[in-house]
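So the sequence lines, in the order shown, correspond to chains A and B.
All letters in the first sequence, in the order written, are residues 56 to 613 by the working numbering.
All letters in the second sequence, in the order written, are residues 2 to 346 by the working numbering.
Everything on this sheet refers to the single structure shown next.
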Amino acid sequence: MTPNSPSASAPSRRSFLASTAVAAAAVAGGVPLLTACGGSENKDREGTTSGKAADKLLPTFVASKFADPDIASKNGSAAGYTGKVELSALAASVAKPLGSGAPFKVMSPFWGSPPKADCAYYTALDKAAGTKVTWQNQDGNTYGQKLGAVLASSSIPDMVVVPIWELVGKISNAVTAKFMDLGPYLAGDKVKKYPNLAAIPSDSWKMGIFGGALRGIPMPTASATFNIAYYRKDVFDKKGYKVPTSPDEFMSWAKEATSAKAKVYAVGDMSWTAFNVFGVRPSGTLGWHIGDDGKLTYRIEQPEYLEALEWTRKLFAAGVVHPDDKARSGDAGQRFTAGKILMYNMDMSHWYGKTAEQAKSNPDFKIEAMDIFGSDGGDPQLWASQPANIWSLIRKGASKETVENALAAANFAAAPYGTKERMLVDYGVEGTHYTVKDGVPVKNDQGNQEVVNAWVMLAAPAPYFAHPDYPDVARKQVEWEQRMGAFMKKTSTYGMNIVEPTRYANLSSQFEQLEIDFVRGNKKLSDVQQAISTWKSSGGDKLRDWYKKLIDKNGSGN
Amino acid sequence: MSLTAGSRPDGTRPAAAVEEPTAALVPEAAPQKGAAHKVPWRVRLRRDRALILMTLPAIGLLVLFNYIPLLGNVVAFQDYDPYASSNGITAIFHSPWLGVEQFSRMVDDPLFWSAVKNTIVLFLLQLVLFFPIPIALALLINSVIRPRVRAVAQAIMYLPHFFSWVLVVTVFQQVFGGAGIIAQTLEDHGWSGFDLMTNADLFKFLVTAQSVWKDAGWGIIVFLAALAAVSTDLYEAAAMDGAGRWRRMWHVTLPALRPVIALLLVLRVGDALSVGFEQFLLQRDAVGVGASEVLDTYVWNMGIQNGDFSYAAAVGLVKGAIGVCLVLAANKFAHLLGEQGVYKK
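So this is what it looks like as structure tokens:
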């Protein structure tokens with residue numbers, strides 16, 4: 056259950072400026088010029104650490120077993136718990152609270168409206184973990200802006216949650232500069248003091264290495280995590296639509312299903328699905344890969360990149376995309392539940408979220424995930440997600456007591472499924488936040504209001520799906536990941552936390568906006584091609600050399 | 002729309018002052034012009050002590066929040082790395098100097114020029130299509146005699162000002178969007194394809210219309226205040242002389258409004274490079290960067306979004322410098338027309 060995987064909030068991470076690459080080109084010689092400014096300190100912040108060097112930094116892995124999953128992980132999927140949990144028989148993962156009760160502050164992204172600082176959920180969790188956390192919850196959609204300013208201030212909160220998609224510009228460098236090396240507390244056997252942290256897979260821990268030191272406590276992600284095209288199963292069944300299995304089928308289905316008169320449009324913005332269908336790699340460091348021809352390329356250089364964009368553009372041009380999605384106004388998820396669109400892109404969290412949300416008001420509502428097909432209608436080529444994409448970090452200069460309390464909190468949040476701690480983190484206090492009906496916990500209003508984000512952001516156990524109230528959803532989620540995981544490959548940069556030199560920080564920032572503009576017909580194909588060649592000449596080729604050296608030195612991640 | 006934001010509170014004061022210079026504000030010791038200069042500053046200090054003390058808190062805030070942050074503009078001449086030191090301020094001393102590098106980057110960036118072009122076009126459009134509307138509305142409201150009708154009409158006109166841009170854009174989307182009320186009605190009658198919200202060519206008119214809808218009602222406040230100050234004697238005298246409705250407006254009402262109009266115009270011109278921000282940010286994806294990027298969003302993207310603070314500061318600095326020149330020029334122009342303008346030497 057990854058509460059907020061990157062794709063969920065991807066729209067917020069919009070790299071607005073279409074001009075950066077051009078601007079960088081204007082500096083022409085700007086690259087060497089800025090190199091000179093990098094200074095020697097920055098050198099240590101760049102690059103990655105892998106292999107034996109990384110192994111030395113990692114905590115020892117000690118598996119913890121409280122409940123065996125009903126469906127084991129396969130093909131990079133999460134594990135699934137579909138059986139009933141005996142709530143009264145839950146065990147504690149740690150005998151007594153690890154925290155000493157010394158207060159510390161945590162800044163974390165929050166999607167929704169945060170509860171009061173002294174709410175029952177926070178109080179109960181503090182008591183159980185032996186901590187005293189002051190939550191500084193910040194709007195998740197604009198978190199990056201806040202983070203950039205906070206890191207530049209002299210009062211950084213003791214613990215800060217940093218999602219991978221906010222590591223743009225100079226922020227990834229700042230993480231190394233501002234957060235402490237947790238090695239003295241966690242490396243090797245030291246982690247055994249925190250059994251739940253010790254049970255986090257080593258691959259995920261490896262992603263927490265910034266600037267040659269273990270700094271981030273990871274929230275593990277299943278590598279078979281892909282953006283999903285959800286469809287209205289109930290409407291498909293009623294109308295007799297067949298779920299498309301090729302781009303052409305998709306197009307003809309979309310045309311058939313769209314009726315402006317009936318206020319029904321086939322789809323929302325399907326850009327992410329298009330990238331998956333055509334095998335385009337994710338943006339960021341995962342976008343770099345050495346192909347079968349031995350050439351190292353970035354995602355925008357893949358021929359499939361333009362094909363995927365072109366296909367999405369055709370959908371827009373055909374008028375099968377809801378006009379509000381074209382204008383990027385409002386919430387596609389709501390249009391989906393209202394039946395205004397029949398398919399949309401979102402991360403895994405909506406499968407359960409929408410099912411639970413609609414159960415009462417719309418009993419017919421059925422949401423399912425379309426199997427991703429290849430561009431020729433055959434098997435798709437999917438790219439593995441990084442094994443961790445959110446970290447919590449502790450500021451440099453924090454006292455030993457603060458660090459130990461922060462780790463105690465993280466350890467609590469990382470409790471595996473089937474423990475008292477997990478139940479408390481996910482559901483709150485029985486009677487206050489949830490009631491048990493037929494052995495199934497159901498959150499009440501207070502639970503829905505207070506038991507959101509916060510604690511789950513600090514750390515997480517190995518990926519799993521479990522929805523005691525809708526076990527079927529958990530099963531389908533795991534099965535979908537396993538089916539899709541079979542078509543998954545890892546890029547050459549997989550599993551490495553790579554910090555690019557700051558001089559390339561804004562090189563690719565224009566593409567997200569360019570994609571948005573192109574598929575809507577507000578930019579021409581030649582604009583995209585021009586941007587790609589500008590990207591190459593204004594630093595992309597140099598960045599390629601940099602990656603080449605990095606992969607030569609560290610070995611390929613796949 | 003910044004017409005309403007910036008100018009309102011200050012706007013009313015000079016208008017009143019022109020009509021009837023109040024005794025409280027004009028020192029008794031200075032009945033004639035120029036006499037004040039002969040009084041030694043120490044005497045003046047003692048005489049105005051109370052007034053000076055009263056302005057101190059405001060000046061303190063101004064210095065703290067407006068003048069001191071101005072010093073931060075030095076990063077425009079650097080490659081500023083806010084994380085180079087323990088905090089963002091000392092980081093200035095650890096960031097390398099670049100000279101005018103950032104400014105030449107700006108000059109060479111076609112997107113900067115596209116933002117400038119959009120900004121100027123929008124400013125001119127707003128000047129022509131927006132600026133006169135509050136004046137016309139104020140005249141209309143002023144001609145309503147029944148206070149009840151007048152209050153209700155005014156309240157209805159003010160209301161949209163209190164809506165956030167998010168709401169305004171959403172309302173427009175629901176009415177003029179491709180799935181909006183109008184499109185739906187047309188669809189029912191066999192016309193399809195109406196979508197005003199994603200039309201890049203009409204975008205400039207769309208945003209001006211949004212501004213008018215949201216802020217024109219609010220903009221009338223200043224003019225109504227000026228109109229309230231016009232003595233009814235003048236109307237009566239004009240009516241006695243046989244002036245009709247139009248002549249009274251032309252010879253009494255409009256001359257009374259002239260100083261306020263000139264003042265607001267000066268302020269608006271000085272603010273020419275700020276045509277709005279949220280409005281454009283919210284609608285950028287609908288029409289694309291080419292149509293929606295204005296200077297303020299450009300600076301925001303560069304600085305806040307991309308973390309390229311030095312470059313953003315450079316662009317902001319240029320924008321500020323041009324703004325100062327525009328205010329000075331417009332003020333001068335107002336003086337040439339015989340108006341008070343924003344200030345006088």
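C-beta atoms are modelled at their ideal positions from N, C-alpha and C, and glycine is treated no differently.
Please read all numbers here as calculations on a predicted model, not as lab measurements.
C-alpha of residue 196 (chain B) to C-alpha of residue 292 (chain B): approximately 16 Å in a straight line. Neighbourhood of residue 170 (chain B) in chain A, by CB distance below 8 Å: 384, in chain order.
Residue nearest to residue 221 (chain A) within the set A:148, A:172, A:163, A:494 is A:163 (criterion: CA-CA distance). By alpha-carbon distance to residue 228 (chain A), the top candidate from A:600, A:555, A:582 is A:555.
Residue 237 (chain B) has a beta carbon lying at 7 Å or more from every beta carbon in chain A. Taking C-beta atoms as the reference points, residue 411 (chain A) and residue 366 (chain A) fail to come closer than 7 Å. With a beta-carbon spacing of about 7 Å, residue 244 (chain B) and residue 252 (chain B) fall inside the 8 Å limit used to define contacts. With a threshold of 16 other beta carbon atoms within 10 Å, residue 331 (chain A) meets it and is buried. In the structure shown, residue 223 (chain B) adopts helical secondary structure according to DSSP, grouped into three states. The C-beta distance from residue 234 (chain A) to residue 450 (chain A) rounds to 6 Å, short enough to meet the 8 Å contact threshold. Judged by their CB atoms, residue 219 (chain B) and residue 299 (chain B) are not nearer to each other than the 7 Å cut-off. DSSP lists no bridge partner for residue 235 (chain B).
Below 8 Å, enough C-beta pairs join the region 550 to 565 of chain A and the region 256 to 264 of chain A to call them touching: three or more. Taking the beta carbon of residue 120 (chain B) as reference, no residue of chain A falls within 9 Å; the closest one sits roughly 15 Å away. As computed with DSSP, residue 216 (chain A) is found in a beta bridge with A:447. Contact of residue 203 (chain A) with chain B by beta-carbon distance below 8 Å involves 83, 305, 308. In the structure shown, the three-state DSSP call for residue 338 (chain B) is coil. As a beta-bridge residue in DSSP terms, residue 192 (chain A) pairs with A:163.
Within 8 Å of the CB of residue 178 (chain B), the CB atoms of chain A belong to 378, 379, 382, 384, in sequence order along the chain.
In this structure, the beta-carbon distance from residue 274 (chain A) to residue 445 (chain A) falls below 7 Å. Contacts between residue 208 (chain A) and chain B, judged by CB atoms closer than 7 Å, involve 88, 89 in chain order.
Contact residues of the region 239 to 257 of chain A toward chain B are absent (C-beta to C-beta distance below 7 Å).
Not one beta carbon of chain B lies nearer than 7 Å to the beta carbon of residue 501 (chain A). Sequence-distant partners of residue 385 (chain A) (beyond 5 residues in either direction) whose C-beta falls short of 6 Å from its own C-beta, in its chain, are 379.
Distance check between residue 472 (chain A) and each of A:111, A:116, A:120 places A:120 closest, using alpha-carbon atoms only.
Around the CB of residue 477 (chain A), 16 or more other CB atoms lie within 10 Å, so the residue is classed as buried. The continuous stretches of alpha helix (DSSP H) do not include residue 270 (chain A), and DSSP gives it neither H nor E. For residue 188 (chain B), the C-beta contacts it makes with chain A under 8 Å involve 315, 316, in order along the chain. Residue state for residue 398 (chain A) is assigned as strand, using DSSP reduced to three classes.
Counting other Cβ atoms within 10 Å of its Cβ, residue 322 (chain B) stays below 16 and is therefore classed as exposed. As computed with DSSP, residue 376 (chain A) is found in a beta bridge with A:322.
The beta carbons of residue 73 (chain B) and residue 225 (chain A) sit no closer together than 7 Å.
Secondary structure of residue 306 (chain B) (DSSP, three-state): helix.
For residue 250 (chain B), the nearest beta carbon of chain A is not closer than 7 Å to its own beta carbon. The C-alpha of residue 231 (chain B) lies about 10 Å from the C-alpha of residue 255 (chain B). Using a Cβ distance threshold of 7 Å, residue 130 (chain A) and residue 465 (chain A) do not count as a contacting pair.
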